[in-house]
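J.: The structure is given below, and queries will be raised subsequently.
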Amino acid sequence: MVRKKSVASKAKTRKESYKRQQEIRSKISRSWRILLVTIKAIKKFLRFRRIVKNKSDSKKCVNISQNDLIDSNCFNYRNHKEIKSCFYNTMQLPTEIDDQKIIKDILNKIVSRVSRLQNERIRQCKKRNNKKQIQNEINNESCDDNISEKNNLTKKKASRKMVLRKKPSSRSKKFYQNKYKTNIAFRDKEKKRINSYISMKYHTSLNTREKIKSQSKIYYFNKYRDNSNFRDKVKTQSKITILKKYHSDSDFRDKVKTQSKITILNKYHTNSNFRNKYKARMKTEVLKKYYTNNSIRLKMIQTALNSYHINKTLTTQKSRQLYNQRRRILKKYSNIESHKSIIKHSNLYIDKLKEFRKIIQEGPDYVCISCGLALFRHQVIPFIKEKYSKEGILSQIEKHIQVNFNNNSSMQQQWICRLCSDKIKKQQLPARAISNKLELCKIPSELKRLNNLEKHLIALRLPFMKILNLTSGKLSSRLSQKGTKGPLHCVPSDVQETVTTLPRPVDKSMMVRLQLKRRLKYKAIWEEQLINPTDVRDALLILTKIHPAYNNIKIKEIDQNYLTSDQQNNDQNNTDLAIELMHANISEKENLPEEISISEENHIKSLALGDINNNDNSDEEIDEDNNDARTKYNIGTDSCIQPSDFHDFLLFDKEPSVVAPAEKNKLSSLLTDKTIEALAFPHLFPDGKGSFDEEREIKIKWKEYCKTRLFSSDSRFAADSSYIFFLQYLGDLKQVYSGINIAFRKKLPINAKQTLDDTQMKFLMNKDMIYRHLQCVRGSPQYWHKRLKDLFAMTRQLGFPTFFLTLSCADLRWKEFNDTFVRHTGAPIKESYTFEEKTKLLRANPVLAARLFEKRFMTFMNFFIKSGASCLGKVNDWFARIEMQLRGSPHSHMPIWVENAPKYI
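When you number the sequence shown by UniProt numbering, it's gap-free, plus one each residue, and the end is 905.
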């Protein structure tokens, strides 16, 4: 083990090394000092030499040993040039050659000796440092453990000493703090002592004064920035002091005035924004004084008149002439511009009106090849197959597009909607594409000829909804539009039993009067019509082959021999019954005039489902529709099999047959039953595929699904009013359930058990904490209450509206509507339509009528109200509420805010 050095030995070694360094430095400085002394001696020698001119004396004066001589090549210091210059300056006078050689040799020897000594010292220092490094490495390797132990011991000792020091200091601090808090006299003495000490130090010492000032400035600055109360106090105090000083001290007041004038003038000349604001403010102040104060107004008018009459110089006269000329020119220009603007506005209005009429004539006649929707022109783009094939279109979508338009000729232009094109460009299948399991099979002819009651008899789920005819004025129920009232209930029905309970027909064309009830006990009739049992049987036979849900239903077919054998007996019975009833009513018919009887017979013969003639006395016909047997019981047209007088035919059965197919079953859930749509409307889904709840590659949302069905080019869904109301009710029900779930999860402070408590539920109902979560349901009172609040907010921000418009739908007068209806049915377009034809077309196409009204409304707003012609002025904002009238057609109420409109108080 190497012996460790003590602290004293280490200090001695440091002192010795320090002395050694100082000696080396002294030696170096001494050597240079000798060199300078020799140079001075040489200078004196040369002066003496010039005087005496004796060569022998110079050799005796300088005695240098030959051992000290060094080569001149070793002289490499930077002072060599200075020495040379000094030497040559002394030897400017002409001397002999020997003296120069002697002096050069002496200098070279001296410099070489000094440089040699210095090189030896540097070499020795390097050796010493290398030895020290080696020894330190050896000592460090052996003494790392000892050093760590030493460090730990020193740390422990230091910590103990600090603890011992802290204990008395902490005790004294606590004692002092307690005494300061409890003893009031001691606290006052300490405060006085500290204040006196600080004041004495502040007045005596400059450093402390500057420190205190700087600290106080920083403290007050931070407090002013952070503490708002302190900032307000300082502001109020400064204002009060400045005001007092301003009112009391005249010198200060004059200074403030001069400074403010100087700053305002500088700011006025340099800052353009300040200059403009100042001018505007002064103009407003002058105008206020002019209009409010009569004396000032009179003074200003008098000064203006005096200046106008007094100033008759050439410059003023020229300026007046120019002013009058400008006024004349501006008047002419304003008249011309107003005339031009009127012409421009009229031309713009005419152009917009022409464009508006062009857009209105077009309907949703453009069919997308991907989703099959009938859309307007601005919603589609032309389909170019090469454009999509370059971008790597999916193979499934390419097949789907080819399959859908195999029947179309190459001459017809194909279209694709913007949504489908964007999805295809991203190599994605659109959710509403037909290939996303939204394909539909063709409706068989047996299902097409069914009426409403026959469709309900076929369905495995009976949708009980109350559909009303929206009659208004003199419009009959046969020609009016439809609406719903009350909830929707779906009940499973026994189709097989209902078909077997139907009366056995005599002929294939026999019509049976049937009443549909929810239960046989009830007196209320849900639906009543004439049906053909053979058509019902044929439709069910086809559904058993196509629809998978109808596979278990078995129906026995009726033999044709039975129908032919019993036909004669039934005909005789029918004739006997008809003769008896005719004899009973002969007395009543004789009293009636012959003209009425003839007109009734002609009217009954001409009326049929889907065939209405044009008559002048339309009001009388509307009143007689309710008494007509065809329209009441939905009987078909005249044929060779059916008699023309249906009153005789209806009296065949005295009492109608009653059916209640859903009497024994319970209600099915509208949200959980996934097959309810296909089973409730088998005439729309003959194969049971394509409903909303079917599993798909890409999920489709409910609203998107409703659009695909109602806007489809296949008009089977848009023409069925019961299916439209079914979708509307189901969509509202889904929105209600989602709103209730969100309310129970996030907003309402209630559990499932607490809903059974009547008092708590009444409290929530009174506070409107339940119904307000139904704001998502469009058309509900809560929804319109929310929109009313939005309208109130607009009135608070924008003021009272300038105009209030009401735009109604004249669907029976607009020929464009009827043309689009006829175009979609495939019939030829006429020049004019009768009232009955118009109402019939409107009743058959409710979805198309609503879409056309929306298109017409938005184009009118864009071309004439919001922008374009802007007939009412520049519109800042508008609010519209579209609602349905009693007759079923839409109309809108709309407040409009116009910019710079006159305000009436």
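For glycine and all other residues, C-beta sits at the position ideal for the given N, C-alpha and C.
What separation, rounded to the nearest whole angstrom, lies between the Cα atoms of Q782 and L774?
T.: Here residue 782 corresponds to residue number 782 of the sequence shown, with the count starting at 1. Here residue 774 corresponds to residue number 774 of the sequence shown, with the count starting at 1. Cα to Cα, the separation comes out at about 6 Å.
J.: Could you tell me the alpha carbon to alpha carbon distance between N136 and I24, rounded to whole angstroms?
T.: Working through the sequence shown from its first residue, we reach residue 136 at position 136. Working through the sequence shown from its first residue, we reach residue 24 at position 24. Approximately 25 Å, taken between the alpha carbons.
J.: Quick check: I416 and I381, are their CB atoms within less than 8 Å of each other?
T.: Within the sequence shown, numbered from 1, the residue matching residue 416 stands at position 416. Within the sequence shown, numbered from 1, the residue matching residue 381 stands at position 381. A contact, by the Cβ cut-off of 8 Å.
J.: Please name the residue, chosen from R20, S6, D105 and V7, that lies closest to I39 on a Cα-to-Cα basis.
T.: Residue numbering aside, residue 39 sits at position 39 when the sequence shown is read from its first letter. Of the listed residues, the one whose Cα sits closest to I39 is D105.
J.: Checking 8 Å against the spacing of the C-beta atoms, do D811 and A844 come in under that value?
T.: What you label residue 811 is simply residue 811 of the sequence shown in a count that begins at 1. What you label residue 844 is simply residue 844 of the sequence shown in a count that begins at 1. Their beta carbons are not under 8 Å apart, which means D811 does not touch A844 by this criterion.
J.: Which residue or residues does DSSP assign as beta-bridge partners of R461?
T.: As a working mapping, residue 461 is identified with position 461 in the sequence shown. P492.
J.: Going by CA-CA distance only, name the one from S691, K664 and D251 that's closest to D673.
T.: The count along the sequence shown starts at 1 and reaches residue 673 at position 673. Nearest option by C-alpha distance: S691.
J.: How would you call N551, buried or exposed, if buried means at least 16 neighbouring beta carbons within 10 angstroms?
T.: Here residue 551 is taken as the residue at index 551 of the sequence shown, counted from 1. By the neighbour-count rule (16 or more Cβ atoms within 10 Å), N551 is not buried but exposed.
J.: Taking G873 as the reference, give the member of S421, S892, I896 and D538 with the closest Cα.
T.: Here the question's residue 873 lines up with position 873 in the sequence shown. Of the candidates S421, S892, I896 and D538, the one whose C-alpha sits nearest the C-alpha of G873 is I896.
J.: Among residues of its own chain, excluding the 5 on either side of E697, which ones have a beta-carbon nearer than 8 Å to its beta-carbon?
T.: For the purposes of this step, residue 697 is taken as residue 697 along the sequence shown, with counting starting at 1. Counting only Cβ-Cβ distances below 8 Å, and skipping sequence neighbours, we find L429, N436 and K437.
J.: Once the 5 residues before and after L679 are set aside, which same chain residues still bring their CB inside 7 Å of it?
T.: On the sequence shown, residue 679 is found 679 positions in, with the first residue counted as 1. Once the five neighbours on either side are set aside, the close Cβ partners of L679 are A459, L460, R461 and A549.
J.: Starting from F803, trace the beta strand (DSSP E) in both directions and tell me its first and last residue.
T.: By 1-based counting over the sequence shown, the position of residue 803 is 803. Counting along the chain, the beta strand (DSSP E) containing F803 begins and ends at F803 to S808.
J.: Pick helix, strand or coil for A549, following the three-state DSSP scheme.
T.: Walking along the sequence shown from the start, residue 549 turns up at place 549. Three-state DSSP puts A549 in a helix.
J.: Contact defined as beta carbons within less than 8 Å: I believe I724 pairs with L733. What is the distance between those atoms, to the nearest angstrom?
T.: Against the sequence shown, residue 724 aligns to sequence position 724. Against the sequence shown, residue 733 aligns to sequence position 733. At roughly 15 Å, the Cβ-Cβ gap does not stay under 8 Å, so I724 and L733 are not in contact.
J.: Measuring only the C-alpha atoms, how far is F857 from M894?
T.: In the sequence shown, counting from the first residue as 1, residue 857 sits at position 857. In the sequence shown, counting from the first residue as 1, residue 894 sits at position 894. Looking at the two C-alpha atoms, the distance is approximately 12 Å.
J.: Less than 8 Å between the beta carbons of Y180 and R187, yes or no?
T.: In the sequence shown, residue 180 corresponds to position 180, counting from 1. In the sequence shown, residue 187 corresponds to position 187, counting from 1. Yes, the pair counts as a contact, with Cβ atoms nearer than the cut-off.
J.: Hey, how far is the Cα of I612 from the Cα of R432?
T.: Numbered from 1 along the sequence shown, position 612 holds the residue referred to as residue 612. Numbered from 1 along the sequence shown, position 432 holds the residue referred to as residue 432. Residue confidence is low: I612 scores 32 on pLDDT, short of 50, so the model does not pin down where it sits. Its coordinate-derived value is still stated next. Straight-line Cα distance between these residues: approximately 39 Å.
J.: To which residues does DSSP link H785 through a beta bridge?
T.: On the sequence shown, position 785 is the one that residue 785 refers to. BP columns for H785 are empty, so no partner.
J.: Report the option in A185, R813, R851 and Y737 whose CA atom is closest to the CA atom of E362.
T.: For the purposes of this step, residue 362 is taken as the residue at position 362 of the sequence shown. Cα-wise, what sits closest to E362 is R851.
J.: Report the partner residues of E854 according to the DSSP bridge assignment.
T.: Mapped onto the sequence shown, residue 854 falls at position 854. E854 is not bridged to any residue.
J.: V491 and N741: beta carbons closer than 8 Å?
T.: Start at 1 with the first residue of the sequence shown, and residue 491 comes out as number 491. Start at 1 with the first residue of the sequence shown, and residue 741 comes out as number 741. Contact: no.
J.: When DSSP labels each residue in this structure, what does I724 get in the three-state scheme?
T.: Taking the sequence shown and counting its residues from 1, one reaches residue 724 at position 724. The answer is helix: DSSP assigns I724 an H, G or I state.
J.: Using the C-alpha atoms, what's the distance from R518 back to T663?
T.: Position 663 of the sequence shown, counted from the start, is the residue given in the question as residue 663. Position 518 of the sequence shown, counted from the start, is the residue given in the question as residue 518. A small correction: the amino acid at residue 663 is Glu; Thr does not occupy that position in the sequence shown. Going by the C-alpha atoms only, they are around 6 Å apart.
J.: Is the beta carbon of L453 less than 8 Å from the beta carbon of P686?
T.: Numbered from its first residue, the sequence shown carries residue 453 at position 453. Numbered from its first residue, the sequence shown carries residue 686 at position 686. Their beta carbons are not under 8 Å apart, which means L453 does not touch P686 by this criterion.
J.: Quick one: residues in its chain with C-beta nearer than 8 Å to the C-beta of Y268, no 5 flanking neighbours on either side, listed in chain order?
T.: Residue mapping note: residue 268 aligns to position 268 of the sequence shown, counting from 1. The residues are F274, R275 and Y278.
J.: Out of Q317, H456 and K174, state which residue places its alpha-carbon closest to the alpha-carbon of V499.
T.: Looking up residue 499 in the sequence shown gives position 499. Looking at the Cα atoms, H456 is the closest of the given residues.
J.: If we ignore side chains and look at the alpha-carbon of each, how far apart do R796 and D790 end up?
T.: Counted from its first residue, the sequence shown places residue 796 at position 796. Counted from its first residue, the sequence shown places residue 790 at position 790. In a straight line, the C-alpha of R796 is about 10 Å away from that of D790.
J.: If I follow the unbroken alpha helix (DSSP H) through V286, where does it start and stop?
T.: Numbered from 1 along the sequence shown, position 286 holds the residue referred to as residue 286. Run containing V286: S272 to T292, per the alpha helix (DSSP H) assignment.
J.: Kindly give me the distance between the Cβ atoms of S668 and I467, rounded to whole angstroms, as I take these residues to be in contact under 8 Å.
T.: Counted from its first residue, the sequence shown places residue 668 at position 668. Counted from its first residue, the sequence shown places residue 467 at position 467. The Cβ separation is near 20 Å, so there is no contact.
J.: Should the segment 765 to 772 be called in touch with the segment 799 to 814, which here means at least 3 C-beta pairs below 8 Å?
T.: no
J.: Answer yes or no: do A869 and K352 have a C-beta to C-beta separation smaller than 8 Å?
T.: Translated into positions along the sequence shown, residue 869 becomes position 869. Translated into positions along the sequence shown, residue 352 becomes position 352. A contact, by the Cβ cut-off of 8 Å.
J.: Can a CB atom of chain B be found closer than 8 Å to the CB of M511?
T.: No chain B is present in this structure, which holds just one protein chain.
J.: I need the DSSP call for W814, collapsed to helix, strand or coil.
T.: Residue numbering aside, residue 814 sits at position 814 when the sequence shown is read from its first letter. DSSP places W814 in coil when its eight states are reduced to three.
J.: Could you spell out where the beta strand (DSSP E) holding M884 opens and where it closes?
T.: Here residue 884 refers to the residue found at position 884 when the sequence shown is read from its first residue. Per DSSP, M884 belongs to the beta strand (DSSP E) from R881 to M884.
J.: Can you tell me which of A41, I384, M465 and C371 puts its alpha carbon nearest to the alpha carbon of I700?
T.: Taking the first residue of the sequence shown as 1, we reach residue 700 at position 700. If we check each option's Cα against that of I700, C371 comes out closest.
J.: Roughly how many angstroms separate the alpha carbons of Q118 and C125, rounded to a whole number?
T.: Here residue 118 is taken as the residue at index 118 of the sequence shown, counted from 1. Here residue 125 is taken as the residue at index 125 of the sequence shown, counted from 1. Their Cα atoms are separated by approximately 11 Å.
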